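Q: Read top to bottom, the protein sequences are chains A and B.
Quick note on numbering: the numbering used here labels position 234 of the first sequence as 252, and the sequence is numbered without any gaps.
Quick note on numbering: the numbering used here labels position 22 of the second sequence as 969, and the sequence is numbered without any gaps.
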Amino acid sequence: MTGDRLRRAGGPGAVILLVSAGLAVLEASGQAFWQGLAINLGIFTILTLALNLTSGFTGVFSLGQIGFMALGAYVSAILTLPVGLKDAYLSDLPDWLAGVHLDQMAGPVPIGFLGATVVAALLVTAIAWLVGRVLMRLSGHFVAVATLGFLVIVRVVLFNADTFTRGSRTFSNVTPNTNLWWVWIWLLVVVYVVWRVKRSPVGREMLAQREDRLAAQAIGVRVLDPRLVAFVIGAFFSSVAGSLYAHFITSFSPTVFYFDLTFRVITMLVIGGMGSVSGSILGAIGIVGLTEVLRRVEDATLLYGLSQIVLAVIFIVVITVRRDGLLGQREIPLDRLFLRGGLRRAAATVPEADQRL
Amino acid sequence: MTEYAIQQVVNALSAGSLYALMAVGLAMVFGILRLINFAHGDLMMIAAYVAVFCIGAGLSLLVSLPIIVGATVVVGLLMERVAYRPIRGAPDVAVLLSSFAVGQILQNGTLLATRLVDKPQLIAFPSPEALSGVVTLGTITIPKVNVASFVVGLLLLGLLTLFVTRTDLGLSMRATAEDVPAARLVGINVNRVVATAFAIGSALAAVAGLLYSVQAGQINPYMGFTPVLKAFIAAVIGGFGSISGAVVGGFVLGFLEVLVTALSGIGDLIPAGSVPPDVLGFLHQWLPAGLASWRDAIVFVVLIVVLLVRPQGILGRRDRTDEG
Chain A
19 MTGDRLRRAG GPGAVILLVS AGLAVLEASG QAFWQGLAIN LGIFTILTLA
69 LNLTSGFTGV FSLGQIGFMA LGAYVSAILT LPVGLKDAYL SDLPDWLAGV
119 HLDQMAGPVP IGFLGATVVA ALLVTAIAWL VGRVLMRLSG HFVAVATLGF
169 LVIVRVVLFN ADTFTRGSRT FSNVTPNTNL WWVWIWLLVV VYVVWRVKRS
219 PVGREMLAQR EDRLAAQAIG VRVLDPRLVA FVIGAFFSSV AGSLYAHFIT
269 SFSPTVFYFD LTFRVITMLV IGGMGSVSGS ILGAIGIVGL TEVLRRVEDA
319 TLLYGLSQIV LAVIFIVVIT VRRDGLLGQR EIPLDRLFLR GGLRRAAATV
369 PEADQRL
Chain B
948 MTEYAIQQVV NALSAGSLYA LMAVGLAMVF GILRLINFAH GDLMMIAAYV
998 AVFCIGAGLS LLVSLPIIVG ATVVVGLLME RVAYRPIRGA PDVAVLLSSF
1048 AVGQILQNGT LLATRLVDKP QLIAFPSPEA LSGVVTLGTI TIPKVNVASF
1098 VVGLLLLGLL TLFVTRTDLG LSMRATAEDV PAARLVGINV NRVVATAFAI
1148 GSALAAVAGL LYSVQAGQIN PYMGFTPVLK AFIAAVIGGF GSISGAVVGG
1198 FVLGFLEVLV TALSGIGDLI PAGSVPPDVL GFLHQWLPAG LASWRDAIVF
1248 VVLIVVLLVR PQGILGRRDR TDEG
């Protein structure tokens, strides 16, 4: 039995080791462009996984995710800003906040950054819980629009709360704490949590009420609670992604966190497959890669806007001809990599559920 | 004070009729297909760019208008045929998301087009002669375009009502909105009805886009996003899927927005001494001058409250609400 468990851990373990080694090489190479791309990819993968949990698993489509990301970005950036910069930069901050600076180091590790990320994420989670308790009652279209409303409200708040956010002016001078390792570790945490949720009782409730709400309710499956759990955990990780993003790009304004970003993450999710963890990862890789290529094309031809058109067309084609995306609800069974029969047999034994968007 | 109030009422009526024009288009399509067409706002944007082109070419408003409306209707029909018809019957959210994709294509397509003809993204809107200037009534001055928005809005909405209630196609449209399979059974060509709804919606959006651009004074490829959100709120407040509800919702929203704007900083407008200082202090504290910049957040809070408390809206019926 332990042998079996060890073998099951072998597949993901091997992948983790391989990617870690790759990251070490990348770090040593000093190729800033590829490092930046990898960080970007990691952050978008976290966002896609978080949205998958919130929306893919439950069928409750949230367009407000980027609002949580924005809050996470601003809160963590304010927390890590050194006191001197706070005075110069956000001079009107209330005293209790002006003295806070989570820029402590434990050796080479910016432990304050970790603290700021977690504090911001917890705060955002609390907000998500309040918002979710209200909004998760809605369904279908209406929840999408109400959460879009949340995104607009967050934007208005960020623009107007100049004391904390500098309003429409750029918030810059954020310490560039985010590196490959932070993103990689958080990504592993997210993958693990989302994976576990999918296989947990509450995760099965999410999927069940997504497939058929009435039938699920009739056999005693809860609707509201699993939705709220998904919404809140998704918000936590979106906030983490926001914090990582803020400490990566180091200067931003509220306009960054709006509809373009929302739509890009949705595209990754839908293309990968709603309800599939490995699908989200593939979707993020595909779209981040494609965006980068298209950006090159745009720069070369000066045809700005082309990349969004291509993405939108891909999106419509996927929705029209392959609504389940790449993987639907299935997973790449990495844990069977070292089992007898391997991936192929495993793929055949995973029951294919009725997959709908 | 009275003049201020009258001016604000006119503003509200003008904004309300623009919202109503947009909301009606959304509501007609939603009533039949249960599709929230977020690309509807981009039709306004298309109309605005066609208008710039026509006016730039020296055409008069009377000649331009059919071109503007016609071009927008063509885009609206194409959108329905290419993007929405193939996925009819797909889950609500899938269709909603692809309407966002359609919007992205229209916005970025326009962006590309402006680049190809070497124009900046943001262009000043050349206001046609007939819509510029102000109307003066005694001591009150009102921009002409505000009056025009209200009059044109009422006129078009009246025509739409006649169409829906007095013509065969209008009757088919209402029947299809009631029950698509049943409408098909009695021989209604549903595709034609859907195309008609899109065509009418696009035409109304074109007129709204023209008036909106004159009011805003400038246009850009992303200008349709906020109006479509507002129109959507209007349609929800009124009762989604109902045409009359959309009209009512549009005016309610117009008044709500103007109220927020008008009340912000109201304390500064009241002459000192005419009200007790307590009242003035209260006004300064709760209705500060900055309130207007919170307007969008306030209307969305109203939307969420409506969705929770009365999801069927003011005029909607319970069975129209989404319980998926």
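Glycine included, every Cβ here is placed at the ideal spot set by N, Cα and C.
Quick caveat, the model's predicted, so the values are computed rather than measured.
Quick one: Cα of B/Gly1171 to Cα of B/Ala995, how far?
A: Each residue's CA atom was taken as its position, placing B/Gly1171 and B/Ala995 some 10 Å apart.
Q: Residue range of the alpha helix (DSSP H) that B/Thr1108 falls in?
A: 1091-1113
Q: Any idea if A/Leu262 is buried or exposed, counting beta-carbon neighbours within 10 angstroms, 16 or more meaning buried?
A: buried
Q: For the pair the stretch 244-262 of chain A and the stretch 212-227 of chain A, tell me if three or more CB-CB distances fall below 8 Å.
A: Three or more beta-carbon pairs separated by less than 8 Å link the stretch 244-262 of chain A to the stretch 212-227 of chain A, which places the two stretches in contact.
Q: Kindly confirm or deny that the stretch 1222-1231 of chain B and the stretch 141-148 of chain A touch, where touching means at least three C-beta pairs closer than 8 Å.
A: no
Q: Output, in chain order, the set of chain A residues within a Cβ distance shorter than 8 Å of B/Asp1039.
A: Residues of chain A with a Cβ closer than 8 Å to the Cβ of B/Asp1039 are, in chain order, Gly158, His159.
Q: If we cut at 9 Å on Cβ distances, does A/Gln227 have a partner in chain B?
A: no
Q: Of all the CB atoms in chain B, is at least one closer than 9 Å to the CB of A/Asn195?
A: Output row for A/Asn195: interface = no.
Q: With a cut-off of 9 Å, does the C-beta of A/Arg155 fall near any C-beta of chain B?
A: yes
Q: By Cβ distance, which residues of its chain are closer than 8 Å to B/Ala1041, with the 5 residues on each side in sequence left out?
A: Shown here for B/Ala1041: same chain residues with a beta carbon closer than 8 Å to its own, the five before and five after excluded, namely Ile1034 in chain order.
Q: From the DSSP output, in three-state form, read off A/Thr66 for me.
A: helix
Q: How is A/Val33 classed by DSSP in three states: helix, strand or coil?
A: helix
Q: Are A/Leu308 and A/Ser298 touching if we call contact CB-CB under 9 Å?
A: no
Q: Report yes if the CB atom of B/Leu1157 is closer than 9 Å to the CB atom of B/Ile1015, and no otherwise.
A: yes
Q: Roughly how many whole angstroms lie between the Cα atoms of A/Ile237 and A/Ser218?
A: 18 Å
Q: Going by C-alpha distance, which of A/Lys216, A/Pro272, A/Ala234 is nearest A/Gly252?
A: A/Lys216
Q: Would you identify the three-state DSSP class for B/Gln1051, choosing helix, strand or coil?
A: helix
Q: Tell whether a beta-carbon distance below 9 Å holds between B/Tyr1214 and B/Ala967.
A: Position check: residue 1214 of chain B holds Gly in this sequence, whereas Tyr was assumed. It is not a contact, given that the beta carbons lie outside the stated cut-off.
Q: Under 8 Å: do the stretch 948-958 of chain B and the stretch 1200-1216 of chain B share three or more Cβ pairs, one atom per stretch?
A: yes
Q: Classify A/Val241 as helix, strand or coil using the three-state DSSP reduction.
A: Note: A/Val241 maps to coil in three-state DSSP.
Q: When you check each C-beta in the stretch 52-75 of chain A against every C-beta of chain B, which residues fall closer than 9 Å?
A: Taking 9 Å as the Cβ-Cβ cut-off, the stretch 52-75 of chain A approaches chain B at Ser73, given in chain order.
Q: Excluding sequence positions up to five away, which residues of its chain have a Cβ less than 6 Å from the Cβ of B/Ser901?
A: In the structure as shown, chain B begins at 948 and stops at 1271. Residue 901 of chain B is therefore absent and cannot be evaluated.
Q: Given 8 Å as the limit, tell me if B/Met1170 has its C-beta closer than that to any heavy atom belonging to the ligand FMN.
A: This structure simply doesn't include the ligand FMN, nor any ligand for that matter.
Q: Give a yes or no on whether the C-beta atoms belonging to A/Leu169 and A/Gly85 are separated by under 9 Å.
A: yes
Q: Take every Cβ of the stretch 1139-1155 of chain B, pair it with every Cβ of the stretch 1018-1036 of chain B, and state whether three or more of those distances are shorter than 8 Å.
A: With the cut-off at 8 Å, the stretch 1139-1155 of chain B and the stretch 1018-1036 of chain B touch.
Q: Measuring CB atoms only, is the stretch 79-99 of chain A touching the stretch 323-331 of chain A, in the sense that at least three cross pairs come out at less than 8 Å?
A: no
Q: Might you give, ordered along the chain, the residues of its own chain that have their beta carbon closer than 6 Å to the beta carbon of A/Glu370, omitting 5 neighbours on each side?
A: Caution applies to A/Glu370, whose pLDDT of 45 falls short of 50 and renders its modelled position unreliable; the value that the coordinates give is listed next. No residues qualify anywhere along the chain.
Q: Check this for me: beta carbons of A/Thr72 and A/Gly301, under 9 Å apart or not?
A: no
Q: How would you list, in chain order, the residues of chain B whose beta-carbon sits under 9 Å from the beta-carbon of A/Val33?
A: Per Cβ cutoff of 9 Å: no residues; A/Val33 is ~31 Å from chain B at best.
Q: For the putative contact between A/Pro272 and A/Ser190, defined by C-beta atoms under 8 Å, what is the C-beta separation to the nearest angstrom?
A: Contact flag wrong, Cβ pair sits at about 14 Å.
Q: Closer than 7 Å, Cβ to Cβ, to anything on chain B: give me those residues from the stretch 74-95 of chain A, in chain order.
A: Phe79
Q: Quick one: using the 10 Å Cβ neighbour count with 16 as the cut-off for buried, is B/Ile1251 buried or exposed?
A: buried
Q: Please state whether DSSP places B/Ile1088 in a helix, a strand or coil.
A: Here residue 1088 of chain B is Thr; the residue named in the question, Ile, does not match the sequence. Strand at B/Thr1088.
Q: Quick check on the DSSP output: the alpha helix (DSSP H) that includes A/Gly150 runs from which residue to which?
A: 129-153
Q: Please check if any C-beta of chain A sits within less than 9 Å of the C-beta of B/Ala1048.
A: yes
Q: Report the rounded CA-to-CA distance for B/Asp1269 versus B/Phe1247, giving the unit in angstroms.
A: Caution applies to B/Asp1269, whose pLDDT of 43 falls short of 50 and renders its modelled position unreliable; the value that the coordinates give is listed next. Between B/Asp1269 and B/Phe1247, the C-alpha separation is close to 19 Å.
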